[in-house]
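Let me begin by presenting the structure, written as structure tokens, before commenting on it.
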Amino acid sequence: MSDFTVHPLLLYSQHDISPGHCSSILWDLREPPETARPVLNLEEPLSLLDLAQRATLPPLPILHITCDIFPVEWPIKVTRDGGVTVGDVIQAIHHTLSRRISHDEWHRLSLKQQDRIKIVFDNRCAMAENREVCRSDGVLRVDCVLYHTWFAGLSVSPGLDNTCILSLRRPRELAPSSPVRLS
1 MSDFTVHPLL LYSQHDISPG HCSSILWDLR EPPETARPVL NLEEPLSLLD
51 LAQRATLPPL PILHITCDIF PVEWPIKVTR DGGVTVGDVI QAIHHTLSRR
101 ISHDEWHRLS LKQQDRIKIV FDNRCAMAEN REVCRSDGVL RVDCVLYHTW
151 FAGLSVSPGL DNTCILSLRR PRELAPSSPV RLS
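In the UniProt record's numbering, the protein residues as written are 1 to 183.
What follows is the structure, encoded as structure tokens:
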């Protein structure tokens with residue numbers, strides 16, 4: 001069994017780090033990793049020093065990330081000799097959720113899930129600078145998490161080696177009055 005801790009920037013907290021935030025990072029997963037901001041200084045992006053910090057203590061060369069809100073199995077595996085960094089984790093999450101879902105994944109969803117995802121997809125394309133390019137890119141994995149698009153932190157999985165659980169949340173305007181752990 002792995003015995004490690006998660007870097008404070010990535011750590012999920014049951015208590016607000018800042019009002020309405022259960023993680024030290026404010027990041028909408030629909031946006032590029034460069035848009036991630038520390039909640040205590042929203043004016044500045046995460047610094048290169050922040051991104052270079054080891055994601056775990058002790059440093060792990062392989063970190064697995066799971067999320068129970070994903071409608072199908074989309075494991076995230078982050079690797080780096082010498083230890084995975086905060087930046088590696090953010091990049092890996094974004095890369096995984098930016099991928100187009102396969103036809104097989106789409107057909108494994110219930111009709112109700114498909115209908116909900118279509119609404120999110122249509123809304124994303126309607127807000128895109130180039131709607132036609134957005135539509136031609138198809139449904140992305142991030143569309144499948146519906147409105148739970150904000151990073152809420154990582155927790156060490158008690159039952160799996162080198163594994164963290166990704167928590168997501170809704171944006172404040174869509175969220176319930178208190179943070180909800182969705183993993």
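Using N, Cα and C, we set each Cβ at its ideal position, and we do this for glycine too.
The criterion of a C-beta distance shorter than 8 Å is satisfied by Gly83 and Pro59. When secondary structure is reduced to three states using DSSP, Thr35 falls in the helix class. Out of Arg80, His148, Pro71, the CA that lies nearest to the CA of Leu111 is found in Pro71. For Ile76 against Ile93, the beta-carbon gap comes to about 6 Å, under 8 Å, which counts as contact. Each residue's CA atom was taken as its position, placing Cys164 and Ser157 some 5 Å apart. Non-local beta-carbon contacts of Leu160 in its own chain, meaning distances under 6 Å to residues more than five positions away in sequence, are absent.
Listed in chain order, the non-local C-beta contacts of Trp150 below 8 Å within the same chain comprise Leu26, Trp27, Asp28, Leu29, Leu168, Arg169, Arg170, Pro171, local neighbours out to five positions each way being set aside.
Relative to the Cα of Gly138, the nearest Cα in the group Tyr147, Gln113, Arg124, Val145 belongs to Arg124. Pairing Glu34 with Ser47, the inter-Cα distance amounts to about 10 Å.
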